[in-house]
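Enquirer:
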Amino acid sequence: MKKEVEELVEEFSQELRLLLAFLEMEEEAELTFEHWELLQEVNWHEFIELARHHRVFPTISQRLQNRKPPYVPQFVTSLFQRDYYRNTLSMLALSGEMEQLATIFSIGGIKALFLKGPVIAADLYGDVSLRTSCDLDVLVELDQVEAAQKLLLERGYEKDEYIETILNDWTWRHHHYVYHHPQKEIKVEVHWRLNPFPSREPKFEELWERRRQSALINRPIYYLGGEDLFLFLVSHGARHGWARLRWLLDIKQLSNQKLDWTVLPALLHKCQLAAVGGQALWLASRLIGAPLREEMKPLLQSRRAEWLAEDALFYIRRKVNLHSPPVPRDVESYHKKYLFALMPLGQRLKFVASMLYPYPEDARTLPLPKRLHFLYFPLRPFLLVWRRMKRLSRWSGSQMSK
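Quick note: the sequence shown uses the working numbering, first residue 3, plus one each step.
(1) May I ask you to report which of helix, strand or coil DSSP gives aspartate 129?
(2) Pairing CB atoms from the segment 234–244 with CB atoms from the segment 252–259, are three or more of them under 8 angstroms?
(3) By how many angstroms is the C-alpha of leucine 96 removed from the C-alpha of asparagine 258?
(4) When you compare only the Cα positions, how much space is there between asparagine 170 and leucine 302?
(5) Would you call tryptophan 249 buried or exposed, if buried means 16 or more other Cβ atoms sit within 10 Å of its Cβ?
(6) If you run the structure through DSSP and keep just helix, strand and coil, what is lysine 254?
(7) Under 8 angstroms between the Cβ atoms of valine 192 and valine 147?
(8) Output needed for lysine 189: all residues of its chain with C-beta closer than 6 angstroms, excluding positions within five of it in sequence on either side, in chain order.
(9) Residues in its own chain within less than 7 angstroms of alanine 23 by CB, not counting five upstream and five downstream?
(10) Can you say whether isoleucine 109 is buried or exposed, counting buried as having 16 or more other CB atoms within 10 angstroms of its CB?
(11) What residue range does the beta strand (DSSP E) around lysine 179 cover?
(12) Helix, strand or coil for arginine 214? Go by DSSP, reduced to three states.
(13) May I ask you to verify whether the segment 70–86 touches the segment 196–213, counting CB pairs closer than 8 angstroms and requiring at least 3?
(14) Let me know if lysine 118 comes out buried or exposed under the rule of 16 or more other beta-carbons within 10 Å of its beta-carbon.
(15) Does the contact criterion of 3 or more C-beta pairs under 8 angstroms hold for the segment 293–310 versus the segment 276–284?
(16) Measuring alpha carbon to alpha carbon, tell me which residue in Leu283, Ile106 and Thr79 is nearest aspartate 156.
(17) Looking only at C-alpha atoms, which of Ala314, His56, Gln64 and Leu18 sits nearest to glutamate 29?
(18) Between the C-alpha atoms of arginine 331 and lysine 338, what's the straight-line distance to the nearest angstrom?
(19) Going straight from the alpha carbon of tryptophan 263 to that of leucine 20, what length do you get?
(20) I need the boundaries of the alpha helix (DSSP H) containing valine 333, first residue and last residue.
In structure tokens:
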């Protein structure tokens with residue numbers, strides 16, 4: 003029998019529970035007895051590290067500035083103020099670059115939807131300085147990816163060539179390309195899908211029809227409609243195990259907006275994300291006090307949503323960082339199982355079937371001329387066996403040499 007979320011939270015460190023307590027506070031709320039109790043004997047260096055890891059230091063800085071708890075050392079508030087200032091400068095730089103990219107995409111006839119970054123900070127928090135972001139994510143139609151890339155390269159961006167592809171599998175096996183600007187130190191991700199295969203999602207035309215225009219600047223910058231943004235944020239957060247509390251804070255902020263809860267559950271069901279939506283609401287509610295209202299019930303009735311919420315606590319408790327290799331083997335193993343558990347049955351079958359489609363490593367194992375790449379389909383099972391035998395042979399050799 004799995005432990006309930008509340009029991010697992012009780013096992014969190016004092017520093018993590020204090021962080022959650024601050025995030026649970028409403029803007030005008032006063033410190034509670036729980037806060038005063040948790041403020042005793044805190045390892046402040048660990049608390050700072052946690053706030054930075056979870057990318058919530060702007061909110062924590064604001065909470066400390068507004069309430070000035072007497073037990074918080076001066077060096078803590080000073081460090082958070084410095085981080086807040088640096089983040090403000092970074093977000094302003096991203097805002098300026100986003101404006102420029104929106105302009106050149108518009109002139110180039112490219113429909114572009116900004117997925118995260120300053121537009122989301124302004125929409126959810128009312129202030130770009132209250133959310134962190136390290137890059138710009140923009141969604142375009144698949145047939146516009148090449149045109150968007152051309153404009154970025156002309157602007158001085160360099161493509162990160164980490165994606166290997168064979169038989170055009172990049173169009174469905176991956177969902178974005180990454181570009182870096184070496185002078186500006188800005189990263190841009192150009193998406194042609196919201197999420198990787200085998201996820202279901204609305205077509206670009208539907209997202210474009212429901213788009214909103216950001217009020218952040220005067221130039222037209224478009225981003226996802228409220229319900230589509232909820233779908234994207236819950237699927238993105240779930241895929242990363244909700245390892246950053248910032249993503250749950252986004253859900254809390256978005257849940258306080260006027261979403262159409264008659265439309266949202268149907269949209270999530272259509273995209274097979276109802277359980278993931280429920281997972282997000284359970285976590286945001288039980289960890290940082292997001293409101294659970296009557297209209298959310300269709301997403302909260304699934305036992306699977308609660309199980310997924312409990313599974314995600316592994317990442318929060320362990321302070322997991324999936325973006326900083328090498329990822330520990332036990333975390334990597336857990337994450338693979340977790341991702342598979344996120345998929346409904348139909349997606350699991352698609353995922354397993356996709357293993358029969360050739361991979362770039364097949365071409366490395368047995369190089370063939372491009373015109374003969376179709377032969378990798380019948381050859382793939384044999385190439386898989388061959389690679390496994392070679393790995394076993396190397397492992398046996400290393401064991402014998404010990």
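For each residue, glycine too, the CB sits at the ideal point set by N, CA and C.
Expert: So, to answer that:
(1) coil
(2) yes
(3) 26 angstroms
(4) 39 angstroms
(5) buried
(6) helix
(7) yes
(8) Asp137 and His182
(9) Glu36, His37 and Leu40
(10) exposed
(11) Here the sequence assigns tyrosine to residue 179, which means lysine is not the residue at that position. Segment 178–183, the beta strand (DSSP E) holding tyrosine 179.
(12) strand
(13) no
(14) buried
(15) yes
(16) Correcting the residue type first, residue 156 is glutamate in the shown sequence and not aspartate. Taking only the C-alpha atoms, the option nearest glutamate 156 is Ile106.
(17) Gln64
(18) 11 angstroms
(19) 32 angstroms
(20) 331–344
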